[in-house]
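**Q** Here's a structure for you.
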Amino acid sequence: MVRRISRREFIRICTGTTAGIALLSALEPYILETLAEAAEGKPPVIWLQGAGCTGCSVSLLNAVNPPIQKVLLDIISLRFHPTVMAAAGHLAWHALEETAAKYPGKYFLVVEGGVPTGDDGIFCTIGEKDGKEITLLHALKEYGSKAAAIIAAGQCASFGGIPGAAPNPTTTVGVWEVIKKTPVINVPCCPMHPDDFLGTLTYVLRFGELPELDYFNRPKLFFPDQTIHEGCPRCEYFAKGIFAKHPGDEGCLAMVGCKGMVAHSRCHIRWWNNHTNWCIRAGAPCQACSEPGFPDDSGPLYGRYRLHE
Amino acid sequence: MSKKVVIDPVTRIEGHLKIEVNVDGGKVVDAWSSGTLFRGFEIILQGRDPRDAQHITQRICGVCPIAHSMASARCLDDAFKAEVPTNGRITRNLIQGANYIQSHILHFYTLAALDYVKGPDVPPFVPRYEGDYRLPPEVNKKAVEHYLEALNMRRKAQEMLAIYGAKMPHITVIIPGGITEKVTKESIDHFRSYLKELIDFIDNVYVPDVVAIGEVYKDYYDIGRGYQNALAYGIFPLTDEPDPTGQKMLIKRGAYANGKFIPVDPAKITEDVKYSWYRNDTSGLNPAEGKTEPQPRKAGAYSWIKAPRYEGLPMEVGPLARMWVNRVPEVFGLGEKAFSTMGRHLARAIECRMVAHAMMEWLDQLRPGEPTMKPCEVPREARGMGLWEAPRGAIGHWIEIKDYRIRNYQVVSATIWNASPRDDKGQRGPIEQALVGTPVKDLENPIEVVRVIRSFDP
């Protein structure tokens, strides 16, 4: 029997700096406990894809603690997800409608990809009913309004991301700019990190409320006030004024494009892909893909960061 | 009297696809393929620093970002006149190879297998189309175990990739002239330990599973034939020498049309837009001069995908095309049957094995401590072309640089070829053509149709 986890303990685990283990390994028993206690069984989840690349779904499949098989089979009831669900066409769409009708105010909506709003959302249709194509914009309004909460998975769903970059030909925006009444939690990065996503979901399920959010609706647990620069292993080079001349060189990467000074993410702690590597460690400048301005404010990606006037 | 069947969304693919078929006498008599998402990458890229293209275009596809990264990097290498050192070439190959392994395993198990194997009776595995799931219960059970195990394997392939790629999806290390990550003895050993485990899975589970499914679903070697045209640009350079014709590669460049092997001349590629939601006056252009000017709701059009053609012909791209033009015996030996639903799955598995084993040799060719990159400068004015192969097929990037900025950038990716709509002459796209003749037993459960579509890995 697993002990109930307190809010304080949860936060301690999430913000812990233990390098070498995947962040959520310590949380796994609590996640399972949370679900065993869920009154109506596994929470139903609807996952919509808009102007994105499926990279956030692929990133979720990279989850290690808990492994993705456990997530799919034991943790959530994934009723609609275009990349993994067995059904297609009408059958798939029916599963979505049925879930929304059966669990109003109880299901979780995950949105991956930005929301094209230009020309009535014509740039992204995600299904068809009675011979009429359904835009993501329409589906989001319809099913977003009935959800318990919405998780915007990744940079595009949070802030528009790459499809929303200038000149934004499809007027793509983040979910929270369309949905105002249902709470929207933004879990950016390009792609989103599976630990950030599953940690957020677990918190909401465990405590029945939103985690503390920052100004951009990001959970502070995973997007802290501290920047990557402040925790960067190359910070000493910065202090000594040793700057890399080219990406890949020894030294601080600030002069060859690093945007770690404005990136509120925990890449330097949790790394990527089961703690295998991360950008700055591999000599690649941080692109601040956790920030609302990505990619426009991060560009040129190999240029020095300049504050906008 | 034919009946219309609409499948929207087509699930278990990357992207947004709708397929419409007309069925008459129990068979598909016509088909329409519609891409239903427009993001406008080629417009977004205009005016940016050319080096940013390599990062932005990765976001076209989160399953195969490396292919875009590499097509873009080679396009930029070409424009910048970059020289890539040996370690840079090989680490790029290893990163791309790791992506092939993850993508091919993901495709067969996570995306395609549920058309042949009954998953557990919980969402997302139900609801499912009713149909002829032919595996005996004990074999089906084993296949479900492999489905779950494959999720681990594809994850491990991503972790292997990140050893040199930093993070996956969307890597940050590739740069004109090489990569930013270094080669050490430790990283080679780390990579090798992952690769050994993956090779074991590919040799002893993935390839045998595909062969076994092909035995049970033998008729699918005759379903989904298509045009029997094939195009491959080639991938995995084996030397540091210039290779303008793509012949010094593990998988060589080549094409096959009307029953003949033909050389590839990129100048013969054009993109039609009569049936796509783009302005008609931009139709028929070579990508080096290509234009992307959206016109939503254009009369007669039905897709956001353009219709690329080679010498005016629709061409199938992907593992089957690559194995066919390289005359790899396991695939080429099938003759006409290679061009089929099952032939595509088999070609993908055989290719996966071939690439994984080659990677083991490449690891031994790395030189720890030697450079992985040779720095180069952004030119004031230049043009570049990068021809490459995504796991799902031929991919090309074209750039024109003016005043150190991108003036024009065009991408013709694999699914643009395979899932294209009709061209200006009215010829169907490759998937549309492959669907014609497909038997459909139950209009409410068109499982045969999705089997054909997914064999292309759209």
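Residue numbers (this note's numbering), protein chains in the order written: chain B, 244 to 552; chain R, 11 to 468.
Where a beta carbon is used, it is the ideal one built from N, C-alpha and C, also for glycine.
With H, G and I counted as helix, E and B as strand and the rest as coil, what does DSSP make of Gly-370 of chain B?
**A** strand
**Q** Against chain R, with Cβ distances strictly below 8 Å, would Leu-304 of chain B count as a contact?
**A** yes
**Q** Below 6 Å CB to CB, which residues in the same chain sit around Glu-30 of chain R once its five sequence neighbours on both sides are set aside?
**A** Cβ neighbours of Glu-30 of chain R beyond the five flanking positions: Val-16 and Trp-42.
**Q** Could you list which residues in chain R have their beta carbon closer than 7 Å to that of Thr-360 of chain B, in chain order?
**A** Result: empty, since nearest Cβ-Cβ is about 13 Å, beyond 7 Å.
**Q** For Ile-409 of chain R, name the three-state secondary structure that DSSP assigns.
**A** In this structure, Ile-409 of chain R counts as strand in the three-state DSSP scheme.
**Q** Does chain B have any CB closer than 8 Å to the CB of Pro-147 of chain R?
**A** no
**Q** Indicate the three-state DSSP secondary structure (helix, strand or coil) for Asp-34 of chain R in the structure shown.
**A** strand
**Q** Taking any Cβ of chain B, which residues in the segment 293 to 307 of chain R have a Cβ under 8 Å from it, in chain order?
**A** Pro-304, Pro-306 and Arg-307
**Q** According to DSSP, simplified to helix, strand and coil, what is Leu-291 of chain B?
**A** strand
**Q** Since Glu-357 of chain B contacts Gly-387 of chain B with CB under 8 Å, what's their CB separation in whole angstroms?
**A** For the record, residue 357 of chain B in the displayed sequence is Gly; it is not Glu. Going by Cβ atoms, the distance from Gly-357 of chain B to Gly-387 of chain B rounds to 14 Å, so no, they are not a contact pair.
**Q** Let me make sure I understand the geometry here. Which of R:Tyr-157, R:Gly-224, R:Leu-376 and R:Asn-418 has the alpha-carbon closest to that of Ile-6 of chain R?
**A** An answer regarding residue 6 of chain R cannot be provided, because it is not within the stretch 11 to 468 covered by chain R.
**Q** In whole angstroms, what is the alpha-carbon distance linking Asn-516 of chain B and Gln-168 of chain R?
**A** 7 Å
**Q** Measure the Cβ-Cβ separation of Val-193 of chain R and Gly-526 of chain B and say whether it is below 8 Å.
**A** no
**Q** Taking the continuous beta strand (DSSP E) assigned at Lys-375 of chain B, which residues delimit it?
**A** 375 to 378
**Q** Compute the Euclidean distance between the alpha carbons of Leu-295 of chain R and His-511 of chain B, then round it to the nearest angstrom.
**A** 46 Å
**Q** If I measure Cβ to Cβ from Pro-456 of chain R and keep anything under 6 Å in the same chain, skipping five residues before and after, which residues do I get?
**A** Val-15 and Val-450
**Q** Looking at chain B, which residues of the segment 171 to 187 of chain R have a Cβ within less than 7 Å of any of its Cβ atoms?
**A** Ala-172, Ile-173, Ala-176, Lys-177, Met-178, Pro-179, His-180, Thr-182, Val-183 and Ile-185
**Q** Please look up how many angstroms separate the CB atoms of Gly-175 of chain R and Ile-181 of chain R, rounded, as I've assumed it's under 8 Å.
**A** 4 Å
**Q** Restricting to Cα atoms, I'd like to know which of R:Pro-186, R:Ser-465, R:Ala-311 and R:Leu-453 is closest to Leu-356 of chain R.
**A** R:Ser-465
**Q** Between the C-alpha atoms of Ala-400 of chain R and Leu-47 of chain R, what's the straight-line distance to the nearest angstrom?
**A** 20 Å
**Q** Check whether chain R comes within 8 Å of Ala-329 of chain B, counting only Cβ atoms and requiring the distance to be less than that.
**A** yes
**Q** What number of angstroms, rounded off, separates the C-alpha of Ala-311 of chain R from the C-alpha of Lys-284 of chain R?
**A** 7 Å
**Q** Mind listing the chain B neighbours of Gly-72 of chain R? Cutoff is C-beta to C-beta under 8 Å, in chain order.
**A** Gly-295, Cys-296, Thr-297, Gly-298, Cys-299, Ser-300, Val-301, Ser-302 and Pro-434
**Q** Measuring only the C-alpha atoms, how far is Ala-89 of chain R from Ser-12 of chain R?
**A** 52 Å
**Q** Leaving out the 5 sequence neighbours to the left and right, which residues in its chain are closer than 7 Å to Ala-108 of chain R when beta-carbon positions are compared?
**A** Ala-167, Met-170 and Leu-171
**Q** For Met-80 of chain R, decide whether its Cβ has a neighbour in chain B, counting only Cβ atoms nearer than 8 Å.
**A** no
**Q** Taking Cβ-Cβ distances shorter than 9 Å, what residues in chain B pair up with Leu-356 of chain R?
**A** Near Leu-356 of chain R there are no residues of chain B at all, since even the closest Cβ is about 23 Å away, more than 9 Å.
**Q** Look at the Cβ atom of Leu-478 of chain B, then the Cβ atom of Ala-506 of chain B, and state whether they are nearer than 8 Å.
**A** It is Cys, not Leu, that sits at residue 478 of chain B in the sequence shown. No. Outside cutoff.
**Q** What three-state label does DSSP hand Leu-323 of chain R in the structure shown?
**A** strand
**Q** According to DSSP, what are the bridge partners of Arg-138 of chain R?
**A** Arg-138 of chain R is not bridged to any residue.
**Q** If contact means a Cβ-Cβ distance below 8 Å, which residues of the segment 517 to 528 of chain B contact chain R?
**A** Asn-517, Thr-519, Asn-520, Trp-521, Cys-522, Arg-524, Ala-525, Gly-526, Ala-527 and Pro-528
**Q** By the 10 Å Cβ neighbour count, where 16 or more other Cβ atoms means buried, how is Thr-249 of chain R classified, buried or exposed?
**A** exposed
**Q** Could you tell me if Glu-355 of chain B is buried or exposed, where buried requires 16 or more neighbouring beta carbons within 10 angstroms of its beta carbon?
**A** buried
**Q** Determine the chain B residues that contact Arg-99 of chain R at a beta-carbon separation under 8 Å, and present them in chain order.
**A** In chain order: nothing, as chain B lies at least about 15 Å away.
**Q** Output needed for Ser-350 of chain R: all residues of its chain with C-beta closer than 7 Å, excluding positions within five of it in sequence on either side, in chain order.
**A** Tyr-230, Tyr-231, Asp-232, Ile-233, Gly-234 and Arg-235
**Q** Residues of chain R with CB under 7 Å from Gly-370 of chain B, in chain order?
**A** Asp-18 and Pro-19
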